[in-house]
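Report on the structure given below.
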Amino acid sequence: MVDRRRPRRRRSDGYDGRESSALSRLQVPVAAACMCGQEQARASSEERPASPRRDALATIIAVLLAVLVFATAVAVDPRAEAAFYAPKRFISLGGAALLSIILLAGASGARSPAASGHRLRGSGGALIWLLLVGVTGALISVALSPRRILAMDSLRAGALIALMLPIGASRALDHPRGALWVWALTAAGLLNGAAFALQRHGMFPLLDAQAIAGRAGTGGFAGNEGQLAAELALTTLLVLGHASARRNRMARIALAIVGACLAAFLLACASLTATLAVATGGAVFIAVRFGRRAALPVAVFALLAMVVATAVFAPLRTRAEEAAQAIRSGDWNRATTSRLAPWAAAAALVAQRPLVGFGPGTFGSEYVGARLQAELFLHKRLLIPKITATFDSAHNEYLQAAAELGLVTTAAVVAAIALLVAGLARGCVRSELCRAHDVALLLPAIIAGLVLALAWFPLRQPAACMTLLLVCGRAGRLVAPRLLPAGGVNRGLRVGLAALLALAFLPELDRYRAERKLYAGTTAVRSALLAERSGARSRELLALGRQTPAAVGPHLPGNPGPLLTAGAALLAARDPAAALEIYGHALAEGERAETVLNLGRAYAMLDHRPEALAAFVRAVWVNPELLADCPAAARPLVSMEIYRLTALLEQGRLKSPPPLPLHTGAAVARPRREQSSDSRGQ
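Numbering (this note's numbering), first residue to last: 15 to 696.
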């Protein structure tokens, strides 16, 4: 036993017992911390000589990870329907599977060396249980989902991208080249920022796809300004953390300049959420580096940073003025840039299935119905002043997780993240972390991700999701090192896991080919509509309309694009009955205002006026912007009905939203058409 009455011995590093309290206040110099980490690494290398094979494998993984991070951030495919999202998803999922297979190949039966540097004493057992609860809850949610095919596909993709957690926690990234992915992310951020700046001045028109959805089309290679801002926020904080760990003055200055450029691009994106995330992460960084005494300066710094940024950058100032004006007028929906609609819809979905949710990836399909029910509850319209009135994401990761996976699974995931944050903070307070810059690098990025998740969807963006998972993996490496196996993995198990990963990725090949086929079909329909109509052209459109869903649809679950393309082709080919059947299937996949509008056009071509009017009213109720696309003869009737229903809603007397037409299939439409032709013949 230890004699507690013995006098406290003087530490070998020059600090006595009284100075240890200063250590607990985070006043350990980074230089001393790095020396401590080097001493431990030297001792570890003396005990276990480095293996050339292991060093080569770590170098390969570090280089491949850097290439993967860079490619995911900047990949664009103009020949894919989802020109920005499709290639990023394909690269990120494929890269995660490939890196995991390489790690499995290098997991020999020999005992692996311990990680360099001191590691925190974390709650590994609690993390394991929380992860098990989360995985079990996700599986139950998929099994009970009303959209099981879509939920299974989303779970498969989520499992592949989640491999970034063990990749980030792997010992391969303890290699000196393990931080290459951060520099690749920085290079991608600078490239995206430069493209964004050129687009703002009309000098780099990348793609017009985002402008169709109401965006300005100036998001660089990220897709739009919001996604670019989220990526820049995380990159800026990672660069700041690495700059603080450098002992070379010139290196710190160079990294500070790079961080300032990234921050300037971020502020030019005019995203209040991303700016708040960076301010919060910067405040956490100052608290980690300078201790508890910096609490007041941190608060002042965060406030001044927000004020100065808002005053200096015109786009951010304009956005802040619009938000302030909306708040003064009581229009909270406009103040949150129409986010009240998806938030209310997510809350309505949680109320319907609180324990198991609707299944991963199903929010977009359930959104419209849930939003209309929320409007009835609030006695208020939740409108979105854009061409498209559909949200595929709740713009709040916590609400969306609760709606899709249930409250229990969401609570387990949030608790696991809280354990990571608490473990890093506890390590700072108790001075258990020898390399203090690790916390200064990881904790601000995690906190910024938590802030971004309040009003954005970083886990639905491949680049931001990959960054956050890698950071959380490194944090888990510090907080709970025992989660990693100390020994090797059986060869048979390695082969089985590698084969399972390859099989899980194979559907992505068909999905990506389907994205390109859908783009070709959509482009052909648009070209045909602009060309001079002829009998041959009508037959070509009809053939395309019949082929597109069968060739593309099974590989894009939950995506109404193939059905909408086919429906447009059939309408142009003057076959409204077949188009009616197509739109019925599209509504079964998930209601969208554009689908209902085209449904009304099909009914109008069949001369089913009551059903057509009902469809037009429903479409305009979901999205008032579509009133101009209704037939001219129907617009006055639709406007009057919308006005009447709005008055009833505000008075609390509206019991249900305007219904969809009763018959949405060709089985009813065709007999009516045949009956009308028979009567004309008589």
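Heads up, the beta-carbon is just placed ideally off N, CA and C, and yes, glycines get one too.
- Straight across, the Cα-Cα distance linking R527 with F84 is about 23 Å.
- Following the DSSP letters along the chain, one finds R162 inside the alpha helix (DSSP H) bounded by residues 162–175.
- Between the region 277–286 and the region 409–424, the count of Cβ pairs shorter than 8 Å is below three; the stretches do not touch.
- With a cutoff of 8 Å on beta-carbon distance, T579 and L532 are scored as near each other.
- Inside the region 237–286, DSSP marks whole alpha helix (DSSP H) runs of 4 or more residues at positions 239–259, 263–282, from first to last along the chain.
- Residue A209 holds the alpha-carbon nearest to the alpha-carbon of G233 among L248, A209, A334, G216.
- Exclusion of the five residues before and after A152 leaves L169, P374, L419, T423 as the residues of its chain whose Cβ lies within less than 7 Å of its Cβ.
- Listed in chain order, the alpha helix (DSSP H) runs fully inside the region 325–386 are 328–342, 346–349, 354–366, counting runs of at least 4 residues.
- In this structure, N612 places its C-beta atom within 8 Å of the C-beta atom of Y597.
- DSSP, read as helix, strand or coil, puts L620 in coil.
- Given a length threshold of 4 residues, each whole run of the alpha helix (DSSP H) inside the region 553–608 is given here in chain order: 575–586, 590–603.
- Around the beta carbon of W346, a 10 Å sphere encloses fewer than 16 other beta carbons of the protein chains shown; the residue is thus reported as exposed.
- Between the region 575–592 and the region 623–632, the count of Cβ pairs shorter than 8 Å is below three; the stretches do not touch.
- Under the DSSP assignment, T660 falls in the alpha helix (DSSP H) whose first and last residues are 649–664.
- In this structure, A432 is the residue among P576, A432, L514, A592 with its C-alpha nearest to the C-alpha of C486.
- A distance of 8 Å or more separates the beta carbons of V652 and V636.
- Per DSSP, the continuous alpha helix (DSSP H) segment holding F210 begins and ends at 194–214.
- Of L242, A244, A270, M264, the smallest CA-CA separation from V253 is found for A270.
- Assigned with DSSP and collapsed to three states, W635 falls in helix.
- Between the alpha carbons of R525 and A607 lies a distance of about 25 Å.
- Rounded to whole angstroms, the Cβ separation of L246 and L276 is 5 Å, and the two are in contact under 8 Å.
- For the pair of segments examined, the region 98–115 was found not to touch the region 385–393: the number of CB pairs separated by less than 8 Å stays below three.
- Under the three-state reduction of DSSP, L146 is assigned to helix.
- Between the C-alpha atoms of L79 and P458 there is a straight-line separation of about 22 Å.
- Below 8 Å, too few C-beta pairs join the region 466–474 and the region 155–163 to call them touching: fewer than three.
- If you draw a straight line from the Cα of L514 to the Cα of A429, it comes to about 29 Å.
- G378 is the residue among V370, G378, T289 whose C-alpha sits nearest the C-alpha of A359.
- Counting every other CB atom within 10 Å of its CB across the protein chains shown gives S106 a total of 16 or more, marking it as buried.
- Taking each of V156, S352, N504 in turn and checking the Cα distance to R367, the smallest one comes out for V156.
- The count of Cβ pairs closer than 8 Å, one atom from the region 191–210 and one from the region 86–102, reaches three, so the stretches are in contact.
- Nearest C-alpha to P645 among A512, A616, F235, A297: A616.
- When secondary structure is reduced to three states using DSSP, I398 falls in the coil class, being assigned neither helix nor strand.
- Look at D91 here: in three-state DSSP terms it is coil, with no helix or strand label.
- In this structure T376 is in contact with A165, their Cβ atoms being roughly 6 Å apart against a cut-off of 8 Å.
- Nearest C-alpha to M619 among A593, D643, L640, V364: A593.
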